[in-house]
Amino acid sequence: MWDPGKEAAGAGPGFPTPVPTTTPNPFSAPADGSAPEVTGHLQETYYNLCMEKSQKINTFILHILQEVDEELEKGSEGITLNIAGNSRLMPEERVTGKDFWILFRILKKSPYISGLDVRYNLISDVGAYYAARLLQKQHKLVYLNLMFNDIGPEGGELIAKALHKNTTLKYLRMTGNKIENKGGMFFAAMLQINSSLEKLDLGDCDLGMQSVIAFATVLTQNQTIKGINLNRPILYGEQEESTVHLGHMLKENHCLVELHVCKHNIKNCGIKQLCDALYLNRSLRYLDVSCNKITCDGTVFLADVLKSNTTLEVLDLSFNRIENAGAKHLSETLASHNRSLRALSVVSNNIQGEGLVALSQSMKTNPTLSNVYIWGNKFDEATCVAYSDLIQTGRLKPDNTDVEPFVVDGHMYLAEVSNGLKKHYYWRPIYGEACTNSPNAEMNVNHPGQDRWLLSG
Numbered sequence: 006m007w008d009p010g011k012e013a014a015g016a017g018p019g020f021p022t023p024v025p026t027t028t029p030n031p032f033s034a035p036a037d038g039s040a041p042e043v044t045g046h047l048q049e050t051y052y053n054l055c056m057e058k059s060q061k062i063n064t065f066i067l068h069i070l071q072e073v074d075e076e077l078e079k080g081s082e083g084i085t086l087n088i089a090g091n092s093r094l095m096p097e098e099r100v101t102g103k104d105f106w107i108l109f110r111i112l113k114k115s116p117y118i119s120g121l122d123v124r125y126n127l128i129s130d131v132g133a134y135y136a137a138r139l140l141q142k143q144h145k146l147v148y149l150n151l152m153f154n155d156i157g158p159e160g161g162e163l164i165a166k167a168l169h170k171n172t173t174l175k176y177l178r179m180t181g182n183k184i185e186n187k188g189g190m191f192f193a194a195m196l197q198i199n200s201s202l203e204k205l206d207l208g209d210c211d212l213g214m215q216s217v218i219a220f221a222t223v224l225t226q227n228q229t230i231k232g233i234n235l236n237r238p239i240l241y242g243e244q245e246e247s248t249v250h251l252g253h254m255l256k257e258n259h260c261l262v263e264l265h266v267c268k269h270n271i272k273n274c275g276i277k278q279l280c281d282a283l284y285l286n287r288s289l290r291y292l293d294v295s296c297n298k299i300t301c302d303g304t305v306f307l308a309d310v311l312k313s314n315t316t317l318e319v320l321d322l323s324f325n326r327i328e329n330a331g332a333k334h335l336s337e338t339l340a341s342h343n344r345s346l347r348a349l350s351v352v353s354n355n356i357q358g359e360g361l362v363a364l365s366q367s368m369k370t371n372p373t374l375s376n377v378y379i380w381g382n383k384f385d386e387a388t389c390v391a392y393s394d395l396i397q398t399g400r401l402k403p404d405n406t407d408v409e410p411f412v413v414d415g416h417m418y419l420a421e422v423s424n425g426l427k428k429h430y431y432w433r434p435i436y437g438e439a440c441t442n443s444p445n446a447e448m449n450v451n452h453p454g455q456d457r458w459l460l461s462g
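Listed below in C-alpha cells is the structure:
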C-alpha cells in the first residue's frame, strides 16, 4: 500500500516510473504524428508536467483543457471542468489516480475553476488522496463530482477529513463509491464540523445502518445541508430502525429541501413515521421513497399528510406496490385538497386502468400538478385515451411525462419516452444542458455557484 504522505520527487506517491508516451493528440496532432501542439496556458502546464514526470498524456484531458483555455481567453470565470469518463468524446482509457495527480498540480493554482466533474473514471483511493489535497489547497471549488470512481473506505475518510476545514465546497457527489459504513461514519462526523456543504450524494455507497442513523442524528443539528442522498444502504433486519431516526430528524430539521431514501426497505410502518414528521416539517420539497415496499395502506398516510402539508412539491413513489387503491387515495387528495405538489412518479406500481384514470382526472381539477410519470403499470385503452387527451389539450406537456400516445388501427396506445424524475441523475444529456428548473433534474448541477435546486427559481 502506498503512503500518500510520502511523495517521491519524480514519479509521485509510490508510483513506478511510467514509460514516456509519444501518443499524438487526435484533436490537434500534426499529420506526421509528432508530439501534440500545445498552445494554451492549462494545456501547456499539463503537457509540461507530463513530460517532466514521465507521465502518459491523456489526450482527452488535453482536449478539455484546450476548451477551458479558450473560455478563459473570453474572460469566463467559474468554469466547470468536465472530464467525465462516460463521455462519448473519450478517445482512450479513463482517468486514473496518476492522471488525477497531474490534474491536482494544475488545479490547485487555478482559481477560475469552480467545478470538477470526473465521474465514471478510475481514480481510486490514489486519486481520492489528491482530491482531498485539492479541497485543502483550492479555495474556489464549489462542485466536485467523484461518482463511480472505485474509491473505498480509506479514500472516503481522506475526503471527509479534508472537508473539516474546507469552507467553499457546496456540492459533493460520491455516488457509487463503496466507502461502506466506515467511510459513511467519517462523512457523518464531518457534517458536525463543516458549515458550508449544501448537497451531499452518498447513494449506492454501501452505507450501513450505523452510518445512516449517524446521518439522521447529525442532521437534527446541521442547518446547512439542503439535500442528501442516502440511497441503497446495506441494511439488515425488518425493524425499519433507520426510518424511525429519519422521521425524528425531519421533525427537528428546518433546512433540508431534498431527501432520497431509495431502497431502504421502507414498508407501511416506515412511511407512517415519515408522514408523521411531514405534519411538522415545513422545508422538505422533494421526497424520494422509490424502490421500497409501500402498499396501498401506506398511501393512506401520504394522502392524509398531503391535505395539510403545503411545502412538499415532488414525491417519488416509483417501484413500490400502491396498486389501484393507493392511486385512488392520492387522486382524491390531489383533486380536492392539495395544491402544492408539482411532480408525482408512480412508475411500476402495479396500477391498473381504474387507478391511472383517477390520477388523470385529478389533473383536470388540480392546476399545480404538472409532472406525472406512470410507465410500468397496466394500461388499458381508457388509460391511453385519458393521458392522450391530457397531452393533446396541453394540460400535460410532453416533457413532463414518460409516455407518448400513438394510434394503431384506430386504437390508442402509450409508448415510453425517456423522461423521469431521475433523467439526468447518472448521465448528462448528449448535447445542451440538463434542464434543472424541471422536476426531472433531481440533484443535478451543471454550473456550480448558482442556485440550481430542483425546484428553485
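Residue numbering for the sequence shown follows our numbering, starting at 6 and increasing by one per position. Note that CB positions come from ideal geometry on N, CA and C, so glycine has one too. Small disclaimer: the values here were computed from a predicted structure and weren't measured.
* Could you pull out every unbroken alpha helix (DSSP H) segment of at least 4 residues lying fully inside the region 308 to 388, listed in chain order? => The region 308 to 388 contains these whole alpha helix (DSSP H) runs: 328 to 341 and 358 to 370.
* Leu419 beta carbon less than 8 Å from that of Val408 -> Sequence index remark: in the sequence shown, residue 408 carries index 403 (1-based). Sequence index remark: in the sequence shown, residue 419 carries index 414 (1-based). Yes, the Cβ-Cβ distance between Val408 and Leu419 is below 8 Å.
* Take Thr101 and list the residues in its own chain whose beta-carbon comes closer than 6 Å to its own, dropping the five residues that flank it on each side. => Position 96 of the sequence shown holds residue 101. Cβ neighbours of Thr101 beyond the five flanking positions: Leu127.
* Three or more C-beta pairs closer than 8 Å, one from the region 330 to 343 and one from the region 388 to 403: is that the case here? -> no
* Asked: Quick one: is Ile88 buried, meaning 16 or more other Cβ sit within 10 Å of its Cβ, or exposed?
  -> The count along the sequence shown starts at 1 and reaches residue 88 at position 83. Ile88 comes out buried.
* **Through-space distance from Ile239 to Ala348, alpha-carbon basis** => Locating residue 348 in the sequence shown gives position 343, counting from the first residue. Locating residue 239 in the sequence shown gives position 234, counting from the first residue. Their Cα atoms are separated by approximately 29 Å.
* Asked: By the 10 Å Cβ neighbour count, where 16 or more other Cβ atoms means buried, how is Thr285 classified, buried or exposed?
  -> Counting from 1 along the sequence shown, the entry for residue 285 is found at position 280. The identity of residue 285 in the sequence shown is Leu, whereas the question assumes Thr. When all chains shown are included, Leu285 counts as exposed.
* Asked: When the distance is taken between beta carbons, is Lys272 closer than 8 Å to Ile299?
  -> Taking the sequence shown and counting its residues from 1, one reaches residue 299 at position 294. Taking the sequence shown and counting its residues from 1, one reaches residue 272 at position 267. Result yes, Cβ atoms of Ile299 and Lys272 sit closer than 8 Å.
* **Expected contact under 8 Å - CB spacing of Ile107 and Gln60 to nearest Å** => Taking the sequence shown and counting its residues from 1, the one referred to as residue 107 is at position 102. Taking the sequence shown and counting its residues from 1, the one referred to as residue 60 is at position 55. Indeed, because the Cβ distance is near 6 Å, the residues count as touching under 8 Å.
* Tell me which same chain residues have a C-beta within less than 7 Å of the C-beta of Asp130, skipping the five on either side of it? -> Residue numbering aside, residue 130 sits at position 125 when the sequence shown is read from its first letter. Only Ile156, Gly157, Glu159 and Gly160 meet the Cβ criterion.
* To do: Specify, as a first and last residue, the run of the beta strand (DSSP E) that Thr50 falls within.
  => Reading the sequence shown from its first residue, position 45 is the one you call residue 50. Note, Thr50: premise wrong, no beta strand (DSSP E); alpha helix (DSSP H) at His46 to Glu57.
* Can you say whether Ala221 is buried or exposed, counting buried as having 16 or more other CB atoms within 10 angstroms of its CB? => Along the sequence shown, read from residue 1 onward, the residue named residue 221 stands at position 216. Label assigned to Ala221: buried.
* Cβ neighbours of Thr173 in the same chain (closer than 7 Å, five flanking residues each side left out) -> Your numbering for residue 173 matches position 168 in the sequence shown. Excluding residues within five positions, the ones whose Cβ falls inside 7 Å are His144, Lys145, Leu146, Val147 and Ser201.
* To do: Give the secondary structure of Gly132 by DSSP, where H, G and I count as helix, E and B as strand, and everything else as coil.
  => Indexing the sequence shown from 1 puts residue 132 at position 127. Gly132: helix per DSSP, three-state reduction.
* Can you grab the Cα-Cα spacing for the pair Gln141 / Gln357, in whole Å? => Looking up residue 141 in the sequence shown gives position 136. Looking up residue 357 in the sequence shown gives position 352. C-alpha separation (whole angstroms): 54 Å.
* Asked: In whole angstroms, what separates the C-alpha of His5 from that of Ile218?
  -> No information on residue 5 is available, as it lies outside the stretch 6 to 462 that the chain covers here.
* Okay, do the region 229 to 244 and the region 203 to 218 touch, 3+ Cβ pairs below 8 Å being the bar? -> yes
* From Glu263 to Leu289, what does the alpha carbon distance come to, in whole angstroms? -> Here residue 263 refers to the residue found at position 258 when the sequence shown is read from its first residue. Here residue 289 refers to the residue found at position 284 when the sequence shown is read from its first residue. Approximately 6 Å, taken between the alpha carbons.
* To do: Using three-state DSSP, classify Val147 as helix, strand or coil.
  => As a working note, residue 147 is residue 142 in the sequence shown. DSSP places Val147 in coil when its eight states are reduced to three.
* Measure the C-alpha to C-alpha separation of Asn236 and Leu279 and round it to an integer number of angstroms. => As a first step, residue 236 must be located in the sequence shown, where it is residue number 231. As a first step, residue 279 must be located in the sequence shown, where it is residue number 274. Straight-line Cα distance between these residues: approximately 16 Å.
* To do: Check each candidate in Glu98, Arg124 and Asp74 and name the one with the smallest Cα separation from Tyr117.
  => On the sequence shown, residue 117 is found 112 positions in, with the first residue counted as 1. Cα-wise, what sits closest to Tyr117 is Asp74.
* Asked: Roughly how many whole angstroms lie between the Cα atoms of Leu149 and Val266?
  -> Against the sequence shown, residue 149 aligns to sequence position 144. Against the sequence shown, residue 266 aligns to sequence position 261. Using only the alpha carbons, I get a separation of about 22 Å.
* Sorted by chain position, which residues of the same chain lie with C-beta nearer than 6 Å to Asn63's C-beta, five sequence neighbours on each side aside? -> Looking up residue 63 in the sequence shown gives position 58. Excluding sequence positions up to five before and after Asn63, its CB lies within less than 6 Å of the CB of Asp104, all in the same chain and listed in chain order.
* **C-beta atoms of Val463 and Leu283 nearer than 8 Å** => Outside the shown range of the chain, which is 6 to 462, sits residue 463, and nothing can be said about it.
* Asked: For Pro410, which of helix, strand or coil comes out of DSSP?
  -> For this step, residue 410 is matched to residue 405 along the sequence shown. Pro410 falls in the strand class under three-state DSSP.
* Please go through the same chain and pick out, in chain order, the residues whose beta-carbon is closer than 7 Å to the beta-carbon of Tyr113, but skip the five residues on each side of it. => Counting from one through the sequence shown, the residue named residue 113 turns up at place 108. Looking at the sequence shown, residue 113 is not Tyr but Lys. Within the same chain, Lys113 has close Cβ partners Leu139, Lys142 and Gln143.
* Does DSSP put Asn482 in a helix, in a strand, or in coil? -> With the chain represented from 6 up to 462, any question about residue 482 goes unanswered, as that position is not in the structure.
* Asked: Under a three-way DSSP split, which group does Ile233 fall into?
  -> Translated into the one-based positions of the sequence shown, residue 233 becomes position 228. Reduced to three states, the DSSP call for Ile233 is strand.
* What do you get for Ser216, buried or exposed, if any count of 16 or more other CB atoms within 10 angstroms of its CB means buried? -> Your numbering for residue 216 matches position 211 in the sequence shown. With 16 or more other Cβ atoms within 10 Å, it is buried.
* Residues of its chain near Ile184, where Cβ-Cβ distance is below 6 Å and the 5 sequence neighbours each way are ignored -> As a first step, residue 184 must be located in the sequence shown, where it is residue number 179. Pro158, Gly161 and Cys210, listed in sequence order.
* Asked: How about Leu346 and Leu322: do their beta carbons lie closer than 8 Å?
  -> Within the sequence shown, residue 346 is the residue found at index 341, counting from 1. Within the sequence shown, residue 322 is the residue found at index 317, counting from 1. No. Outside cutoff.
* Asked: Which runs of the alpha helix (DSSP H), 4 residues or longer, sit entirely within the region 243 to 296?
  -> 246 to 257 and 273 to 283
* Near Leu54, what residues of its chain come up, given a Cβ to Cβ distance below 8 Å and the 5 sequence neighbours on each side ignored? -> If you number the sequence shown from 1, residue 54 lands on position 49. For Leu54, where only same-chain residues beyond five positions count, the Cβ hits under 8 Å are Gln60, Ile107, Arg110 and Ile111.
* Beta-carbon proximity list for Thr315, same chain, < 6 Å, skipping 5 on both sides -> Within the sequence shown, the letter at position 310 stands for residue 315. Taken in chain order, the residues that qualify are Ser345.
* Residue ranges of each beta strand (DSSP E) within the region 94 to 126, 3 or longer -> 118 to 122
* Measure the CB-CB distance between Cys274 and Glu245 and report whether it falls below 8 Å. => Within the sequence shown, residue 274 is the residue found at index 269, counting from 1. Within the sequence shown, residue 245 is the residue found at index 240, counting from 1. For Cys274 and Glu245, yes; Cβs fall inside 8 Å.
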